[in-house]
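S.K.: Counting from 1, position 177 in the sequence shown corresponds to residue 698 in this note's numbering; the numbering is continuous, with no gaps. C-beta atoms are modelled at their ideal positions from N, C-alpha and C, and glycine is treated no differently. Here it is, the structure in full.
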Amino acid sequence: MTTSSPLIIALDYPSLDAALCMADQLDPARCRLKVGKELFTRSGPAVLEALHGRGFEVFLDLKFHDIPNTVAGAVQAAAEQGVWMVNVHAGGGRRMMQAAAERLAAHRLATRLIAVTVLTSMDAADLAETGIKVPLDEQVQRLARLARDSGMSGVVCSAREAGMLAASCGADFMKVTPGIRPRFAAADDQQRIMTPRAALQAGSTHLVVGRPVTQAADPMGALDAIEAELSV
Ligand SMILES: O=c1ccn([C@@H]2O[C@H](COP(=O)(O)O)[C@@H](O)[C@H]2O)c(=O)[nH]1
Numbered sequence: 522m523t524t525s526s527p528l529i530i531a532l533d534y535p536s537l538d539a540a541l542c543m544a545d546q547l548d549p550a551r552c553r554l555k556v557g558k559e560l561f562t563r564s565g566p567a568v569l570e571a572l573h574g575r576g577f578e579v580f581l582d583l584k585f586h587d588i589p590n591t592v593a594g595a596v597q598a599a600a601e602q603g604v605w606m607v608n609v610h611a612g613g614g615r616r617m618m619q620a621a622a623e624r625l626a627a628h629r630l631a632t633r634l635i636a637v638t639v640l641t642s643m644d645a646a647d648l649a650e651t652g653i654k655v656p657l658d659e660q661v662q663r664l665a666r667l668a669r670d671s672g673m674s675g676v677v678c679s680a681r682e683a684g685m686l687a688a689s690c691g692a693d694f695m696k697v698t699p700g701i702r703p704r705f706a707a708a709d710d711q712q713r714i715m716t717p718r719a720a721l722q723a724g725s726t727h728l729v730v731g732r733p734v735t736q737a738a739d740p741m742g743a744l745d746a747i748e749a750e751l752s753v
C-alpha cells in the first residue's frame, strides 16, 4: 500500500518481535516504516518480508558508504527485496552514487535512492572536528548538489536545511528529514531538530520520527498528536 503521509516511523528496535509489535499498531495508510542498522543487523531480510507482508512501504536506512562496486551491489540487493527507498552516504562521492543509480536503472528497479548529507546528530563543531571547515549549511548544500548531479532522487538532511535545498535542488528533490521533535519530546542525541509542522512548512518532503513515538509511554497517542499538528 502507498500513502500520501509524509511520516516515516523509525523502527529502531533490538529484535524482530519488538519491531513487529509496534508495526502491528501502525497503519500502512498512515505512515511508512524505516528499518535501520540495529534492527536489520539483528533480524536480516526477514524484517523486510514481515513489514511488506503487512502492507508497509519500507525505507531501508543502511547508509551504504564503500567503493562504487560494493555499494552498487548492496543497493541492488536492497531493491530486489522490494524496499521503497534505500540510501547511501553522499560523502562516498560522485562515482559511488552514480554506480548505485546506474545499477538500479540497468535492472529497472524503481526503488528510490537518496544520499545522506550531514547527520542530524552533528553540529558545526562536530563537522569541523572531522576536518570540514566550511559552515555546516554550505557542506549540506555541496553534498545535496553532488547527490542530485549523481542521479539521487533526494537527500537526508535536517529540516533546517530543507528550504535552502528546495531553492537549489527543486521542490521535487526529496528532503527526508530526521531530527523531528514535537514539543513534548526530548532532543536525545539529535542536534539539528525541528517540530513536525515547522519541518513541513520549511520544505521537508518526508519526516522521520523514531523515539518521540516508539519510546513514548503511549506511542499511538504520540502519533495522533503529531498527525494533529500536521493537519492544523
Ligand atoms: O542524519 C540522520 C540520518 C538518519 N537518522 C536516523 O533517523 C532516525 C531518527 O530517530 P529519532 O529516534 O527520531 O532520533 C534514526 O533511526 C536514525 O538512525 C538520523 O537521525 N539522522
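To which residues of the same chain is PRO699 closer than 6 Å at the C-beta, ignoring the five residues directly before and after it?
M.R.: As a first step, residue 699 is located in the sequence shown; it is residue number 178 there, counting from the start. Cβ neighbours of PRO699 beyond the five flanking positions: THR641, VAL729.
S.K.: Using a Cβ-based criterion (distance less than 6 Å to any ligand heavy atom), does GLN712 qualify as near ligand 1?
M.R.: Taking the sequence shown and counting its residues from 1, one reaches residue 712 at position 191. Not under cutoff, so the answer is no.
S.K.: Over what stretch of residues does the alpha helix (DSSP H) that includes ALA617 continue unbroken?
M.R.: For this step, residue 617 is matched to residue 96 along the sequence shown. Reading the sequence as shown, one finds Met at residue 617 and not Ala. Residues 615 to 627.
S.K.: Measuring only the C-alpha atoms, how far is PRO703 from PRO733?
M.R.: Start at 1 with the first residue of the sequence shown, and residue 703 comes out as number 182. Start at 1 with the first residue of the sequence shown, and residue 733 comes out as number 212. Distance between the alpha carbons of PRO703 and PRO733: 7 Å.
S.K.: Using 8 Å for Cβ pairs, my map puts GLU559 next to PRO535. What's the rounded Cβ distance?
M.R.: Walking along the sequence shown from the start, residue 559 turns up at place 38. Walking along the sequence shown from the start, residue 535 turns up at place 14. Rounded, the Cβ-Cβ distance is 6 Å, consistent with contact.
S.K.: With H, G and I counted as helix, E and B as strand and the rest as coil, what does DSSP make of ASP582?
M.R.: For the purposes of this step, residue 582 is identified with residue 61 of the sequence shown, where counting begins at 1. DSSP places ASP582 in strand when its eight states are reduced to three.
S.K.: Got a sec? Which residues, its chain only, sit under 8 Å from ASP644 by beta carbon, not counting five neighbours each side?
M.R.: One-based indexing of the sequence shown puts residue 644 at position 123. Only LEU657, GLN712, ARG713 meet the Cβ criterion.
S.K.: Less than 6 Å between the CB of ALA531 and some heavy atom of ligand 1, yes or no?
M.R.: Taking the sequence shown and counting its residues from 1, the one referred to as residue 531 is at position 10. Flag set: Cβ of ALA531 near ligand 1.
S.K.: Pull up the CB-CB distance for PHE580 and ARG553, whole angstroms please, since I reckon it's below 8 Å.
M.R.: As a first step, residue 580 is located in the sequence shown; it is residue number 59 there, counting from the start. As a first step, residue 553 is located in the sequence shown; it is residue number 32 there, counting from the start. So it is a contact: roughly 6 Å between Cβ atoms.
S.K.: Please tell me whether, using a cut-off of 6 Å, the distance from the CB of GLY557 to the nearest non-hydrogen atom of ligand 1 is below it.
M.R.: For the purposes of this step, residue 557 is identified with residue 36 of the sequence shown, where counting begins at 1. Checking every heavy atom of ligand 1 against the Cβ of GLY557, one is found closer than 6 Å.
S.K.: What runs of the alpha helix (DSSP H), each 4 residues or longer, lie entirely inside the region 660 to 728?
M.R.: Counting whole runs of 4 or more residues, the region 660 to 728 contains the alpha helix (DSSP H) stretches 683 to 690, 717 to 723.
S.K.: Would you kindly report the start and end of the unbroken alpha helix (DSSP H) that includes LEU541?
M.R.: Here residue 541 refers to the residue found at position 20 of the sequence shown. Run containing LEU541: 537 to 544, per the alpha helix (DSSP H) assignment.
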